[in-house]
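Top line first, the protein sequences correspond to chains A and B.
Numbering of the first sequence is given in numbering that gives the first Met the number 0, commencing with residue 0 and proceeding in unit increments.
Numbering of the second sequence is given in numbering that gives the first Met the number 0, commencing with residue 0 and proceeding in unit increments.
Glycine residues also receive a C-beta, built at the ideal position from the N, C-alpha and C atoms.
Protein chains: 2
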Amino acid sequence: MQLTPSMQDFILHWGEMGAKWGVNRSVAQIHALLHLSPDPMTAEEICDTLSLARSNVSTALKELQGWKLVKTSRQLGDRRDHFHSVRDMFDLVNTVVEGRREREYVPTLEALRIVAAEAGSDGTPEHIRARYAETLDTMQQFDDWYSEIAKLPRGTQTALLKLGAKIARFLPKGS
Amino acid sequence: MQLTPSMQDFILHWGEMGAKWGVNRSVAQIHALLHLSPDPMTAEEICDTLSLARSNVSTALKELQGWKLVKTSRQLGDRRDHFHSVRDMFDLVNTVVEGRREREYVPTLEALRIVAAEAGSDGTPEHIRARYAETLDTMQQFDDWYSEIAKLPRGTQTALLKLGAKIARFLPKGS
DNA sequence: CGGACATTTCTGTAATCTCCGAAATTAGTA
DNA sequence: TACTAATTTCGGAGATTACAGAAATGTCCG
C-alpha cells in the first residue's frame with residue numbers, strides 16, 4: 000500500500016505512543032497501518048509497506064491477535080491470512096482498557112490479597128497492614144465500578160459518555 | 000527501615016507492575032516503599048532499605064515528584080529532604096490517570112489533529128481521512144468525559160463510583 | 001569565604017529489548 | 001507422497017535502557 004505523508008506520520012506517532020504504553024513499537028505501527036487500511040492486508044504487504052522483517056510482522060500480528068485488536072479473514076483461492084483491525088474506535092478503546100485491566104490491574108489485586116494475608120503472621124505492624132487494606136479496598140472499588148460499566152449494553156455506555164459530568168445532577172443531593 | 004516479608008513482596012510486586020506500565024522498576028519500588036512507610040524517609044534511608052545506588056534514588060525521586068506522587072517535607076535542624084508519597088489511594092489513582100492522559104493521550108489527540116489537517120493536501124484518500132476523523136472524534140469524546148468527571152468535587156466522584164452501573168437507571172430510557 | 005553535607009550529573013558497564021535472517025514447521029496442492 | 005508457498009521459531013548482532021560509582025554542583029552554616 001502506498002502511504003501518503005500524513006499516513007506515515009500517523010503510523011509513526013502511533014508507534015511512539017505504543018512504545019510509551021509498553022507495547023513494542025513495531026506492533027503499534029502495524030496496528031496503526033491496519034487501522035487505516037480500508038482492506039485487509041496480508042503479512043507480506045505489511046512487510047513491504049513498513050519495511051519490517053517478515054518474522055517480526057508474524058510475531059507482532061500474533062501479539063495483536065492476543066489483544067484481540069486484529070482478526071484474520073480468508074479469501075477464496077488464497078491461502079494467505081488477511082489481517083484487519085477491529086474497526087470501531089469505541090471497541091478499540093474498550094479492548095485496550097480491558098486488556099490492561101486483565102494483565103496489569105487484576106494481578107495486582109490478587110497480589111495485594113496475598114500480601115495482606117501473609118502480613119497477618121510475619122510481624123508486619125498494624126498501621127502497615129491497614130495501609131494494605133486501604134490500598135486493596137480502593138483499587139477494588141475502581142475495579143468494581145469498571146466491571147459494572149463494562150457489562151452495560153453499548154448504547155447505555157455511549158449515552159453515559161455523552162452525558163459526561165451532567166450525570167451528577169441525578170445524584171441524591173449536595174456536591 | 001526494616002522490611003517484613005510481606006512488605007518485601009508488596010514492593011517487589013509494585014515494581015513489576017510499574018515495569019509493565021512503562022515505569023522504571025526502581026521508581027515503582029521506591030514509590031511502594033514510600034506508600035507503606037508511616038514516616039517520611041530521606042534518600043539515604045531509601046538507598047539502604049532497597050539496596051539501590053544513591054544516584055538512582057535521586058533520579059527516581061525526581062521522576063516521582065514530576066508525577067506528583069511524591070512530595071518533600073522538611074524537618075527542623077535537618078537540611079535533608081524527607082520524602083513521602085501522596086497518602087490517599089483515591090488521589091493516587093487520579094494522579095496516575097491524569098499523568099497518563101497528559102503525557103500520552105493528549106499528545107495523541109494533538110498529533111491526530113495535525114495529521115488530519117495535513118491530510119487535506121497530500122493526496123490522502125477520502126476514506127482514510129474519514130478514518131482519521133472518526134478516530135479523533137471518539138478519542139476526543141472519551142477525553143471530554145474524563146475531563147468533566149475529573150472536575151467534579153471529590154464527594155461527587157466517590158458517590159458516582161459507589162453507584163456504579165446503577166447510574167444507568169437515571170438515563171432517559173431504553174437499553 | 002570555607003567547610004560539611006546533600007543532591008545531581010556524568011561515565012562506563014551490565015542487562016534488556018528489538019529486530020533481522022536463517023532454519024524449521026505447517027498447510028495447501030498435485 | 002512429494003512439492004511449494006506461508007508462517008513461525010530460533011539465534012545472535014545491534015540498539016536501548018538501567019544502574020553503580022565517581023565527580024561536580026548546590027546549599028547552609030559559622
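By how many angstroms is the C-alpha of residue j removed from the C-alpha of residue i?
i	j	result
Phe-82 of chain A	Leu-151 of chain A	29 Å
Ser-174 of chain A	Ser-50 of chain A	Note that Ser-174 of chain A scores a pLDDT of 42, beneath 50, so its modelled location is shaky and nothing firm can be said.
Glu-43 of chain B	Asp-87 of chain B	25 Å
Asp-142 of chain B	Arg-73 of chain A	36 Å
Ala-167 of chain B	Trp-144 of chain A	12 Å
Lys-70 of chain B	Leu-68 of chain A	39 Å
Thr-41 of chain B	Gln-64 of chain B	14 Å
Met-0 of chain A	Val-114 of chain A	52 Å
Arg-102 of chain A	Glu-15 of chain B	12 Å
Ile-10 of chain B	Ala-18 of chain A	25 Å
Ala-188 of chain B	Arg-100 of chain A	The structure shown does not extend to residue 188 of chain B, since chain B spans only 0 to 174, so no value can be given for it.
Val-105 of chain A	Trp-13 of chain B	13 Å
His-30 of chain A	Val-85 of chain A	10 Å
Arg-78 of chain A	Thr-94 of chain B	49 Å
Gly-98 of chain B	Gly-76 of chain A	50 Å
Asp-121 of chain A	Gln-7 of chain B	11 Å
Asp-80 of chain B	Ile-148 of chain A	43 Å
Gln-139 of chain A	Val-92 of chain B	12 Å
Ser-25 of chain B	Asn-55 of chain B	8 Å
Glu-133 of chain A	Arg-53 of chain B	31 Å
Distance cutoff 8 Å, beta carbons only. Does residue i sit that close to anything in chain A?
i	result
Gly-163 of chain B	yes
Glu-43 of chain B	no
Gln-177 of chain B	For residue 177 of chain B there is no data in the structure shown, the boundaries of chain B being 0 and 174.
Gly-21 of chain B	yes
Ala-27 of chain B	no
Leu-151 of chain B	yes
Phe-169 of chain B	yes
His-126 of chain B	yes
Met-40 of chain B	no
Met-16 of chain B	yes
Glu-133 of chain B	yes
Can a CB atom of chain B be found closer than 8 Å to the CB of residue i?
i	result
Asp-121 of chain A	yes
Ser-174 of chain A	At Ser-174 of chain A the pLDDT is 42, less than 50, meaning the model places this residue with poor confidence; the figure from the coordinates comes in the next sentence. Answer yes: the Cβ-Cβ gap between Ser-174 of chain A and chain B drops below 8 Å somewhere.
Arg-130 of chain A	yes
Ser-5 of chain A	yes
Thr-107 of chain A	yes
Lys-70 of chain A	no
Trp-144 of chain A	yes
Met-88 of chain A	yes
Thr-58 of chain A	no
Val-85 of chain A	no
His-12 of chain A	yes
Ala-158 of chain A	yes
Phe-82 of chain A	no
Asp-8 of chain A	yes
Leu-35 of chain A	yes
Val-92 of chain A	yes
Val-114 of chain A	yes
Quick one: what does DSSP say residue i is sitting in, helix, strand or coil?
i	result
Lys-70 of chain B	strand
Met-40 of chain B	strand
Leu-51 of chain A	coil
Gly-173 of chain B	Here Gly-173 of chain B scores only 47 on pLDDT, less than 50, and its place in the model is too uncertain to base an answer on.
Leu-11 of chain B	helix
Gln-1 of chain A	coil
Gly-154 of chain A	helix
Gly-65 of chain A	helix
Gly-17 of chain A	helix
Val-56 of chain B	helix
Thr-123 of chain B	coil
Val-22 of chain B	coil
Curious, which full-length alpha helix (DSSP H) runs of at least 4 residues does the stretch 74 to 121 of chain B contain? Here the runs fully enclosed are 88 to 99, 105 to 117.
Decide if the stretch 107 to 119 of chain B is in contact with the stretch 157 to 169 of chain A; the criterion is three or more beta carbon pairs, one per stretch, under 8 Å apart. Contact between the stretch 107 to 119 of chain B and the stretch 157 to 169 of chain A is absent: fewer than 3 CB-CB pairs across the two stretches fall below 8 Å.
Touching or not, the stretch 20 to 36 of chain A and the stretch 120 to 139 of chain B, by the rule of three or more beta carbon pairs under 8 Å? Touching, per the Cβ criterion.
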